[in-house]
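Take 191 as the starting number for the sequence shown in this note's numbering and just add one per residue. Glycine included, C-beta positions come from ideal geometry on N, C-alpha and C. A quick note: this is a predicted structure, and the numbers were derived from the prediction, not measured.
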Amino acid sequence: MLNKLSESIYYLSNQNDKERPTLGLVCGDKYSLVIDSGNSTQHARGFLQEISNLNAPPIKYLVITHAHWDHFLGMNEYNATIIVHRLTEQKMNAWRNYSYDDHSLQTYVESNKMTIPCMETIQNEMPERASFQLNTPDIVFQGSLQIDLGNKACIIETIQSTHTDDSTIVYIPDEKAIFLGDSVYGTTTNSLFHYKKSRLLPMIKDIQKYDARHFLLGHAWS
């Protein structure tokens, strides 16, 4: 079920038990923009089904916030212009060359290219994967990008992050809302979860520069 933040902004809540992040929808007078595609075919299709129940403008843009599988493996389900940062595009290239049959997935897990939860999600929620190949992004940006949905501006930028070096946010100025993806979370090194001290304060400063009241995160703690 979609949550309504305003007349223009909706989001599908994360499901931690299924490795599903929050997915966002921003609607303008002419077009809509989606933030993150979902972790699988089924996740994306469920989100699109919820959107179809709204009187929303057609989805023209899909923004991927960073190159972690749970945020982009559903992207082939969207008939939209896919927007990613340059670093995100580079990191996703490996996934574009993967095979998605069970044997290949197991090989990726054994070589630490893929996690077990990722493999299980693909097996359970992407049934039609014999010839699956991840789509290529349409717009690759650096720095900042502004999209006009029709009297609704979306500012797409990368910020410093303790989670990844390609963390992209979507800021909607007139709504004072910002989709942060996973940028505020830490990372794991050698099985140890931690925050990178050198990036923590710069990340906070980056976020504070936005005039925002609503901060939407990729994964709420349950």
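- In this structure, E310 sits away from T231, with a CB-CB distance that is not shorter than 8 angstroms.
- In the structure shown, T297 falls within a helical segment according to DSSP collapsed to helix, strand and coil.
- The beta carbon of Q296 is closer than 8 angstroms to those of M309 in its chain, skipping five residues each way along the sequence.
- Pairing T271 with I345, the inter-Cα distance amounts to about 16 angstroms.
- Contact annotation, G228 with L244: C-beta distance approximately 17 angstroms; criterion of less than 8 angstroms not satisfied.
- Counting of Cβ neighbours within 10 angstroms places S388 among the exposed residues, the total staying below 16.
- Contact between L238 and L339 does not hold, since the beta-carbon distance rounds to 18 angstroms and is not under 8 angstroms.
- If you compare the alpha carbons of Y290, L335, I306 with that of Y251, the shortest gap goes to L335.
- By alpha-carbon distance to A367, the top candidate from I349, F405, A343 is F405.
- T255 is positioned such that its CB atom lies closer than 8 angstroms to that of T358.
- R319 sits in coil when the DSSP states are folded into three classes, being neither helix nor strand.
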